[in-house]
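Asks: Protein chains in written order, with the working numbering: chain Z, 1 to 327; chain E, 1 to 327.
Glycine included, each C-beta is placed from N, C-alpha and C at the ideal position.
Values in this document were obtained by computation on a predicted structure and should not be read as measured data.
Attaching a single structure in structure tokens format; questions to follow.
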């Protein structure tokens, strides 16, 4: 079976590990979010792509879900000694090497998709990992600037910051008023993306952040349309359980785009024009009717990715719902 | 007293430590060799400037004379895991940070001289460290290619390689036929270099490599002339003792430019038009007459930089010889 998965970082990567276990014979293509890419210390850093690659390739720091296992921080300490930051972004020594290789290949003229393929030649993630685009897209968040006093119009204290600054530096603890994938409207899907969608038997949205992960991928012109037009089941898993995100701070960016933090609201955010099936957590079984009323088939199953076995069970439920939709 | 020193890497850096101890009140400007600079992993590496900076700033690996103390090699190991080399150049994690800062500043438009000043703001070397030039100069060595068979003309197996490839990768163990500071003829002295020479009370050549360190600095148009025209004593210390270089493989590059590996031959290589005084080791006292016959005042003193005290004594001898020349 050919499965296409739209993935962000930790949530997407962990779901993919379960999906591989649930469907070992499948041909899985991952379309990875690059809206959270950032240039640090002159290096191109792709946090979501790397989280997928490290997680599936066995190099991830299991405890934190991002970055490398057995990591050290000598380079970062030295950069700080030179007064060079930002200090709030935790790049480890092993991780640095990935960014050095990527930056060097990009400087040599390779597109990000080719670079990602080269990096994966080492990690052997067992999936085909494609960036959503080779073009530059940067998710910015309009926040209340914590360092500025608001003006008489109540808005002068607002500032657009890189998603990582909002997410990692401010821990999403400052009010956010808008989320903008800068450059997405001019971006083209990376080579292979539309072809993979067109050839897919099923498309899955893991319990990734619906705004800044899956939403950013869908903001690249052509991808949403290709999924809607593929004529195959599109099934998602809710990242929200009982009114709160399972992990991360997805509620904050949902609020910024005017979406309630409930499993049903996220399903409506994707919309029945795109989504055929939606898994909510067993504890949210009461919302299934609301989702179905929106034209999206809904099932309530355990949605906590506590380990690979539990995650594989979720993946099996998603694939089962896809077959139900297809039939 | 205003002292200008032309320095390469380890020999120059260790001499400077002795000079600082010998003449703590002096204003020392170091003109550093940049001909051994190399781009590795997309980063600009300046081995000689860094060796001076780390040595005088207290960050040097004392045992090997280059690189950082308490160094780790996680980045290099990871790069090797990606199949990215060269593996023969030992860049440590702490050292990487220096190159990242430098590369980022250069990409932002700062000249190497400004970058070096910024890096020294952390290390406080106690001297003013100037690169010989802000322009790109790369010392290449014409070697017998160990991977090619010589042709009928006996020369087809020759190849020009970066100095670091000859020095570090091949350990100077392949025959060298020429040493060329590529780009030197088009280079301009960095800001402050000619001014420092013009204002100097004395100019010193430490026991650095006369071909690929001091020689490369002198190959930048204007620097040799400024030193010759400064009208102040110019005193050097022989890096050759008893027919062999004290450390390193200077004899190999001396042979490549047709100069014998003796203290007297190196003095003649610099020439009486440039050099006023020359210190040879006590064991080479017999060659003093030969040096003096070439028009260069010569003294035989202990020239082994075994520790800071011994090195400071050498520096005092050099300054004493300068005063003798001046008088």
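Beta-carbon within less than 6 Å of residue 35 (chain E)'s beta-carbon, same chain only, minus the 5 sequence neighbours each way: which residues are those?
Replies: For the purposes of this step, residue 35 (chain E) is identified with residue 35 of the second chain, where counting begins at 1. Around residue 35 (chain E): 137, 139, 181 and 216.
Asks: Does residue 328 (chain Z) come within less than 7 Å of chain E when only Cβ atoms are used?
Replies: There is simply no residue 328 (chain Z) to check, as chain Z begins at 1 and stops at 327 in what is shown.
Asks: For residue 113 (chain Z), does the count of other Cβ atoms within 10 angstroms reach 16, so buried, or fall short, so exposed?
Replies: Along the first chain, one-based indexing puts residue 113 (chain Z) at 113. Residue 113 (chain Z) comes out buried.
Asks: Considering only DSSP beta bridges, list what residue 103 (chain E) is partnered with.
Replies: Position 103 of the second chain, counting from 1, holds the residue named residue 103 (chain E). Bridge partners of residue 103 (chain E): none, in fact.
Asks: Looking at C-beta atoms only, is the number of pairs between the stretch 49-59 of chain E and the stretch 103-117 of chain Z that lie closer than 8 Å three or more?
Replies: no
Asks: Does any CB atom of chain E fall closer than 7 Å to the CB of residue 78 (chain Z)?
Replies: Numbered from 1 along the first chain, position 78 holds the residue referred to as residue 78 (chain Z). So, interface residue.
Asks: Which residue from Z:97, Z:144 and Z:143 puts its Cα closest to that of residue 122 (chain Z)?
Replies: Counting from one through the first chain, the residue named residue 122 (chain Z) turns up at place 122. The shortest Cα separation from residue 122 (chain Z) among Z:97, Z:144 and Z:143 belongs to Z:97.
Asks: Quick check on residue 1 (chain Z): buried or exposed, where buried means 16 or more other Cβ atoms within 10 Å of its Cβ?
Replies: For the purposes of this step, residue 1 (chain Z) is identified with residue 1 of the first chain, where counting begins at 1. That one is exposed.
Asks: For residue 29 (chain E), which beta-bridge partners are listed by DSSP?
Replies: Against the second chain, residue 29 (chain E) aligns to sequence position 29. Bridge pairing for residue 29 (chain E): E:4 and E:128 [DSSP].
Asks: Can you tell me whether residue 278 (chain E) is helix, strand or coil according to DSSP?
Replies: The residue labelled residue 278 (chain E) in the question sits at position 278 within the second chain. Three-state result, residue 278 (chain E): strand.
Asks: I need the straight-line Cα distance from residue 306 (chain Z) to residue 297 (chain Z), nearest angstrom please.
Replies: Taking the first residue of the first chain as position 1, residue 306 (chain Z) is located at position 306. Taking the first residue of the first chain as position 1, residue 297 (chain Z) is located at position 297. Rounded to the nearest angstrom, the two C-alpha atoms are 25 Å apart.
Asks: Helix, strand or coil for residue 115 (chain E)? Go by DSSP, reduced to three states.
Replies: Against the second chain, residue 115 (chain E) aligns to sequence position 115. Three-state DSSP puts residue 115 (chain E) in a helix.
Asks: Does the structure place the stretch 55-75 of chain Z close enough to the stretch 7-20 of chain Z that three or more beta carbon pairs sit under 8 Å?
Replies: yes
Asks: To the nearest angstrom, how far is the alpha carbon of residue 6 (chain Z) from that of residue 23 (chain Z)?
Replies: The residue given as residue 6 (chain Z) occupies position 6 in the first chain. The residue given as residue 23 (chain Z) occupies position 23 in the first chain. Between the alpha carbons of residue 6 (chain Z) and residue 23 (chain Z) lies a distance of about 17 Å.
Asks: Identify the contact partners of residue 110 (chain E) in chain Z, using a Cβ-Cβ distance below 9 Å as the criterion.
Replies: As a working note, residue 110 (chain E) is residue 110 in the second chain. What residue 110 (chain E) touches in chain Z: nothing, since even the nearest Cβ is about 13 Å away.
Asks: Any heavy atom of the ligand FAD closer than 6 Å to the CB of residue 188 (chain E)?
Replies: Absence of the ligand FAD from the depicted structure is noted, as is the absence of any ligand whatsoever, leaving it without description.
Asks: Looking only at C-alpha atoms, which of Z:88, Z:94 and Z:255 sits nearest to residue 60 (chain Z)?
Replies: For the purposes of this step, residue 60 (chain Z) is taken as residue 60 along the first chain, with counting starting at 1. Distance check between residue 60 (chain Z) and each of Z:88, Z:94 and Z:255 places Z:94 closest, using alpha-carbon atoms only.
Asks: Taking only runs that begin and end inside the stretch 237-281 of chain E, name each unbroken beta strand (DSSP E) of 3 or more residues, in chain order.
Replies: 277-281
Asks: Contact between the stretch 227-237 of chain Z and the stretch 195-204 of chain Z is defined here as three or more beta-carbon pairs at a separation below 8 Å; is this criterion met?
Replies: yes
Asks: In angstroms with no decimal places, state the Cα-to-Cα distance between residue 69 (chain Z) and residue 70 (chain E).
Replies: Here residue 69 (chain Z) is taken as the residue at index 69 of the first chain, counted from 1. Here residue 70 (chain E) is taken as the residue at index 70 of the second chain, counted from 1. Their backbone Cα atoms lie some 22 Å apart in a straight line.
Asks: What does DSSP give as the partner residue(s) for residue 68 (chain Z) in the beta ladder?
Replies: Taking the first chain and counting its residues from 1, the one referred to as residue 68 (chain Z) is at position 68. By DSSP's assignment, residue 68 (chain Z) forms a beta bridge with Z:60.
Asks: Hey, how far is the Cα of residue 40 (chain E) from the Cα of residue 165 (chain E)?
Replies: As a working note, residue 40 (chain E) is residue 40 in the second chain. As a working note, residue 165 (chain E) is residue 165 in the second chain. Answer to the nearest angstrom: the Cα atoms are 12 Å apart.
Asks: What residue range is occupied by the uninterrupted alpha helix (DSSP H) comprising residue 77 (chain E)?
Replies: What you label residue 77 (chain E) is simply residue 77 of the second chain in a count that begins at 1. Looking at the DSSP string, the run of the alpha helix (DSSP H) that includes residue 77 (chain E) is 74-81.
Asks: Any contact between the stretch 301-316 of chain Z and the stretch 179-197 of chain E? By contact I mean 3 or more CB pairs, one from each, below 8 Å.
Replies: no
Asks: Tell me, please, whether the stretch 257-272 of chain Z touches the stretch 230-243 of chain Z by the rule of three or more beta-carbon pairs shorter than 8 Å.
Replies: Short answer: they touch.
Asks: Which residues in chain E have a C-beta closer than 7 Å to the C-beta of residue 81 (chain Z)? List them in chain order.
Replies: Taking the first chain and counting its residues from 1, the one referred to as residue 81 (chain Z) is at position 81. Chain E residues near residue 81 (chain Z): 122.
Asks: Does the beta-carbon of residue 42 (chain E) have 16 or more other beta-carbons within 10 angstroms, so that it is buried, or is it exposed?
Replies: Working through the second chain from its first residue, we reach residue 42 (chain E) at position 42. Flag for residue 42 (chain E) reads buried.
Asks: Between the Cα of residue 135 (chain Z) and those of Z:199, Z:20 and Z:219, spot the shortest distance and give me the residue it belongs to.
Replies: On the first chain, residue 135 (chain Z) is found 135 positions in, with the first residue counted as 1. Looking at the Cα atoms, Z:219 is the closest of the given residues.
Asks: May I have a chain-ordered list of the beta strand (DSSP E) segments no shorter than 3 residues that lie completely inside the stretch 178-227 of chain E?
Replies: 202-205
Asks: Which chain Z residues sit within Cβ distance under 7 Å of residue 42 (chain E)?
Replies: Translated into the one-based positions of the second chain, residue 42 (chain E) becomes position 42. Here the neighbours are 100, 103, 104 and 107.
Asks: Are the C-beta atoms of residue 89 (chain Z) and some chain E residue less than 7 Å apart?
Replies: Here the question's residue 89 (chain Z) lines up with position 89 in the first chain. No, no contact with chain E.
Asks: So which of E:130, E:174 and E:233 has the shortest CA-CA distance to residue 195 (chain E)?
Replies: As a position in the second chain, residue 195 (chain E) is number 195, starting the count at 1. Of E:130, E:174 and E:233, the residue nearest in Cα terms is E:130.
Asks: Strictly under 7 Å for the Cβ-Cβ distance: is residue 94 (chain E) near chain Z by that measure?
Replies: Here residue 94 (chain E) refers to the residue found at position 94 when the second chain is read from its first residue. Any Cβ of chain Z closer than 7 Å to the Cβ of residue 94 (chain E) would place that residue at the interface, and such an atom is present.
Asks: So which residues of chain Z does residue 114 (chain E) contact, with C-beta pairs closer than 7 Å?
Replies: Taking the second chain and counting its residues from 1, the one referred to as residue 114 (chain E) is at position 114. Those within 7 Å of residue 114 (chain E) in chain Z number zero; the least Cβ separation is about 14 Å.
Asks: In the DSSP assignment, find the unbroken beta strand (DSSP E) run with residue 143 (chain E) in it and report its ends.
Replies: Against the second chain, residue 143 (chain E) aligns to sequence position 143. From DSSP, the beta strand (DSSP E) with residue 143 (chain E) extends over 138-144.
Asks: With C-beta atoms as the reference, is residue 301 (chain E) less than 7 Å away from residue 317 (chain E)?
Replies: For the purposes of this step, residue 301 (chain E) is taken as residue 301 along the second chain, with counting starting at 1. For the purposes of this step, residue 317 (chain E) is taken as residue 317 along the second chain, with counting starting at 1. Yes. Within cutoff.
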